[in-house]
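Participant: First the structure, which I've put down as structure tokens, then a few questions once you've had a look.
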Ligand SMILES: *Cc1c(COP(=O)(O)O)cnc(C)c1O
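Residue numbers (our numbering): 16 to 475.
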């Protein structure tokens with residue numbers, strides 16, 4: 016399978032699709048706590064999340080439906096805030112952003128990363144403090160930079176020489192002095208256990224350490240009194256389960272910090288190591304423990320800086336997937352069931368690549384179960400597919416569902432909280448599903464589902 020680039024840099028699915036189908040799980044009804052939201056259980060046979068039966072959710076809100084376990088997501092926010100006390104945790108909004116998520120972030124004391132003025136607008140619309148926002152992007156427009164400066168965002172991560180010049184001009188015009196970081200391409204690229212320490216510079220993000228572009232960016236920013244250079248930033252990949260790649264990246268960033276001190280006599284006070292920590296999508300996936308991750312990253316930064324004779328900078332991390340991914344599920348209704356003789360059964364549901372493009376885009380893997388009832392029928396090798404006009408419209412490539420599956424049954428797909436709603440489309444003019452938050456036995460809509468009127472709005 017070829018490597019597909021993806022906005023989130025996700026390569027979870029770069030692993031080859033299995034030629035041989037997986038063995039059926041020992042218990043088709045099992046809700047593995049490592050893969051499903053923290054409050055999930057089966058009650059009377061049906062899946063419940065946040066104390067709400069999925070059959071009730073489907074009746075009340077319809078399907079497809081994104082369901083967010085509020086207690087799960089907020090407890091992960093708190094876990095990060097606690098584990099990284101003394102450091103900064105900025106949630107990467109591109110994983111999934113809406114007003115309610117921003118309110119939770121604010122209540123739990125986290126910061127926020129945005130990558131466009133649209134994402135910035137969501138945050139500001141509910142009064143999120145601008146100084147806790149970092150603006151990212153490899154091609155921020157003049158309008159976006161202007162909005163960021165006017166709002167007074169805490170940091171802008173510069174990604175090119177053009178942007179340094181643009182930002183310098185805009186800051187002067189507005190009489191502001193924004194704090195900036197430089198996005199450094201360290202030559203480290205990590206995914207799951209694998210990392211390569213010589214990743215090529217041939218990519219659109221960042222300024223290369225290797226070619227000297229990062230050091231040149233430092234010179235140019237320091238020459239502009241209207242910009243305050245406070246640190247370096249790096250983001251090395253996604254779905255990473257150990258800290259080895261971060262150690263190499265931190266070491267390389269620190270070498271640049273030393274060079275900056277020697278050349279300019281300036282000690283930069285901040286270091287941002289990005290996000291990219293992994294979650295469990297299928298049985299056997301590893302997910303790093305947040306406390307261990309925090310201890311590991313802090314130890315690395317302390318060690319490399321002490322070795323280099325530098326004061327330890329303030330550390331920032333930017334988790335996205337690990338905060339919202341595990342607490343989200345998608346509920347679908349089974350429509351057509353088609354047995355392809357001797358091969359497998361295609362189970363079609365009422366959504367697909369428009370609400371979850373990750374499988375089609377880069378072969379992501381997911382776990383799904385029959386959610387509206389328990390079943391002791393035999394396992395049936397299935398492929399869970401959507402209703403779109405693409406044969407690649409697959410949600411789960413290989414899974415076992417009970418052989419008595421019938422139209423009208425509800426299927427739940429786990430770990431869809433990150434990079435599903437945020438990457439959703441209206442392909443085939445399907446309205447985007449609602450997002451509901453569940454907690455303490457009740458559900459509430461946090462993003463209204465689109466209607467056909469919404470789809471026609473704006474057409475002339
Ligand atoms: C996407 C992104 C993140 C978050 O990545 P996750 O894999 O969701 O943790 C953090 N920082 C930057 C700069 C990113 O682009």
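No residue lacks a Cβ here, since even glycine has one placed at the ideal position from N, Cα and C. Computed from a predicted structure; not experimentally measured.
(1) Starting from residue 251, trace the beta strand (DSSP E) both ways and give me its first and last residue.
(2) In the DSSP output, what is residue 68 paired with across the bridge?
(3) If you count every other CB in all the chains shown that lies within 10 Å of the CB of residue 224, and 16 or more means buried, which is it?
(4) By the 10 Å Cβ neighbour count, where 16 or more other Cβ atoms means buried, how is residue 213 classified, buried or exposed?
(5) Between residue 197 and residue 229, which are expected to be in contact by the criterion C-beta below 8 Å, what is the C-beta distance as a whole number of angstroms?
(6) What do you reckon, is the C-beta of residue 103 under 6 Å from a heavy atom of ligand 1?
(7) Under 8 Å, with one C-beta from each stretch per pair, do the region 378-397 and the region 422-435 reach the 3-pair mark?
(8) Between the alpha carbons of residue 26 and residue 188, how many angstroms are there, rounded?
(9) In or out: residue 99 buried (at least 16 other Cβ within 10 Å) or exposed?
(10) Got a sec? Which residues, its chain only, sit under 6 Å from residue 239 by beta carbon, not counting five neighbours each side?
(11) Rank 200, 94 and 131 by C-alpha distance to the C-alpha of residue 120 and give the top, closest one.
(12) As an exercise, report each continuous beta strand (DSSP E) stretch of at least 3 residues that is fully enclosed by the region 67-98, in chain order.
(13) Do the region 65-83 and the region 460-471 make contact, defined as three or more Cβ pairs closer than 8 Å?
(14) Can you give me the Cβ contacts of residue 143 inside the same chain, cut-off strictly under 6 Å, excluding the 5 residues immediately before and after it?
(15) The alpha helix (DSSP H) with residue 166 in it runs from where to where?
(16) Which parts of the region 414-456 are runs of the beta strand (DSSP E), unbroken and 3 residues or longer, counting only runs that do not cross its ends?
(17) How long is the line joining the alpha carbons of residue 221 and residue 412, rounded to whole angstroms?
(18) Which parts of the region 329-359 are runs of the beta strand (DSSP E), unbroken and 3 residues or longer, counting only runs that do not cross its ends?
(19) Considering only the beta carbon of each residue, do residue 105 and residue 127 sit closer than 7 Å?
(20) Does ligand 1 have even one heavy atom less than 6 Å from the beta-carbon of residue 289?
(21) Just verifying my parser: in three-state terms, what is the DSSP assignment at residue 192?
(22) Take the Cβ of residue 448 as the centre, count every other Cβ of all protein chains shown within 10 Å, and call the residue buried at 16 or more, exposed below.
(23) Which whole-angstrom value is the C-beta distance of residue 242 and residue 199, which I expect to be below 8 Å?
(24) Is it the case that the CB of residue 333 approaches a heavy atom of ligand 1 more closely than 6 Å?
(25) Classify residue 50 as helix, strand or coil using the three-state DSSP reduction.
(26) Say yes only if the C-beta of residue 214 is nearer than 6 Å to one or more non-hydrogen atoms of ligand 1, and no if none qualify.
(27) Could you check where the alpha helix (DSSP H) with residue 294 kicks off and where it finishes?
(28) When you compare the CB positions of residue 414 and residue 397, do they come within less than 7 Å of one another, or not?
(29) Could you check what DSSP says for residue 235 in three-state terms: helix, strand or coil?
(30) Any chance the CB of residue 189 is under 6 Å from a heavy atom of ligand 1?
(31) Just checking my contact of residue 39 with residue 84 at CB under 8 Å: how many whole Å lie between their CB atoms?
(32) Given a threshold of 16 other Cβ atoms within 10 Å of its Cβ, counted over all protein chains shown, does residue 287 qualify as buried or as exposed?
(33) Below 6 Å, is the gap between the Cβ of residue 206 and the nearest heavy atom of ligand 1?
(34) So residue 128 is in the beta strand (DSSP E); what residue range does that whole segment cover?
Facilitator: Short version:
(1) The sequence position of residue 251 within the chain shown is 236, counting from 1. Here residue 251 belongs to no beta strand (DSSP E), and DSSP marks it neither H nor E.
(2) On the chain shown, residue 68 is found 53 positions in, with the first residue counted as 1. For residue 68, which the question treats as bridged, DSSP gives the partners 63.
(3) Locating residue 224 in the chain shown gives position 209, counting from the first residue. It counts as buried.
(4) Position 198 of the chain shown, counted from the start, is the residue given in the question as residue 213. By the neighbour-count rule (16 or more Cβ atoms within 10 Å), residue 213 is not buried but exposed.
(5) Within the chain shown, residue 197 is the residue found at index 182, counting from 1. Within the chain shown, residue 229 is the residue found at index 214, counting from 1. Going by Cβ atoms, the distance from residue 197 to residue 229 rounds to 6 Å, so yes, they are a contact pair.
(6) Within the chain shown, numbered from 1, the residue matching residue 103 stands at position 88. No, ligand 1 has no heavy atom inside 6 Å of this Cβ.
(7) In this structure the region 378-397 lies against the region 422-435, because at least three pairs of beta carbons, one per stretch, are closer than 8 Å.
(8) Within the chain shown, residue 26 is the residue found at index 11, counting from 1. Within the chain shown, residue 188 is the residue found at index 173, counting from 1. For residue 26, the predicted structure reports a pLDDT of 44, less than 50, and the residue's modelled location is therefore unreliable. A value from the coordinates is still provided. Approximately 41 Å between the Cα atoms of the pair.
(9) The residue you call residue 99 lines up with position 84 of the chain shown. Here residue 99 is buried, its C-beta having at least 16 other C-beta atoms within 10 Å.
(10) Indexing the chain shown from 1 puts residue 239 at position 224. Cβ within range, chain order: 183.
(11) By one-based count along the chain shown, residue 120 stands at place 105. Looking at the Cα atoms, 94 is the closest of the given residues.
(12) 80-84
(13) yes
(14) Here residue 143 refers to the residue found at position 128 of the chain shown. 117 and 121.
(15) Numbered from its first residue, the chain shown carries residue 166 at position 151. Where residue 166 is concerned, the enclosing alpha helix (DSSP H) starts and stops at 157-166.
(16) 425-428 and 450-454
(17) Position 206 of the chain shown holds residue 221. Position 397 of the chain shown holds residue 412. Taking the straight line joining both Cα atoms gives about 34 Å.
(18) 329-332 and 343-355
(19) In the chain shown, the residue the question calls residue 105 occupies position 90. In the chain shown, the residue the question calls residue 127 occupies position 112. Cβ distance < 7 Å, so residue 105 and residue 127 count as in contact.
(20) On the chain shown, residue 289 is found 274 positions in, with the first residue counted as 1. Because some heavy atom of ligand 1 lies under 6 Å away, the Cβ of residue 289 counts as near it: yes.
(21) Within the chain shown, residue 192 is the residue found at index 177, counting from 1. Here DSSP, grouped into helix, strand and coil, assigns residue 192 to coil.
(22) Looking up residue 448 in the chain shown gives position 433. With 16 or more Cβ atoms within 10 Å of its Cβ, residue 448 is classed as buried.
(23) Your numbering for residue 242 matches position 227 in the chain shown. Your numbering for residue 199 matches position 184 in the chain shown. Not really, about 16 Å apart at Cβ, beyond 8 Å.
(24) For the purposes of this step, residue 333 is taken as the residue at position 318 of the chain shown. With a cut-off of 6 Å, the C-beta of residue 333 is classified as near ligand 1, since at least one heavy atom of the ligand falls inside that distance.
(25) Taking the first residue of the chain shown as position 1, residue 50 is located at position 35. Three-state DSSP puts residue 50 in coil, outside helix and strand.
(26) Counted from its first residue, the chain shown places residue 214 at position 199. Incorrect: residue 214 has no Cβ contact closer than 6 Å to ligand 1.
(27) Residue mapping note: residue 294 aligns to position 279 of the chain shown, counting from 1. First-last for residue 294: undefined, no H or E at that position.
(28) Numbered from its first residue, the chain shown carries residue 414 at position 399. Numbered from its first residue, the chain shown carries residue 397 at position 382. Result yes, Cβ atoms of residue 414 and residue 397 sit closer than 7 Å.
(29) As a position in the chain shown, residue 235 is number 220, starting the count at 1. Helix at residue 235.
(30) Here residue 189 refers to the residue found at position 174 of the chain shown. Checking the Cβ of residue 189 against ligand 1 gives no.
(31) Here residue 39 refers to the residue found at position 24 of the chain shown. Here residue 84 refers to the residue found at position 69 of the chain shown. Contact flag wrong, Cβ pair sits at about 27 Å.
(32) Working through the chain shown from its first residue, we reach residue 287 at position 272. Buried is the label assigned to residue 287, since at least 16 other Cβ atoms lie within 10 Å of its Cβ.
(33) The residue labelled residue 206 in the question sits at position 191 within the chain shown. For residue 206, the shortest C-beta to heavy atom distance toward ligand 1 is 6 Å or greater.
(34) Start at 1 with the first residue of the chain shown, and residue 128 comes out as number 113. Boundaries of the beta strand (DSSP E) harbouring residue 128: 126-129, taken from the DSSP string.
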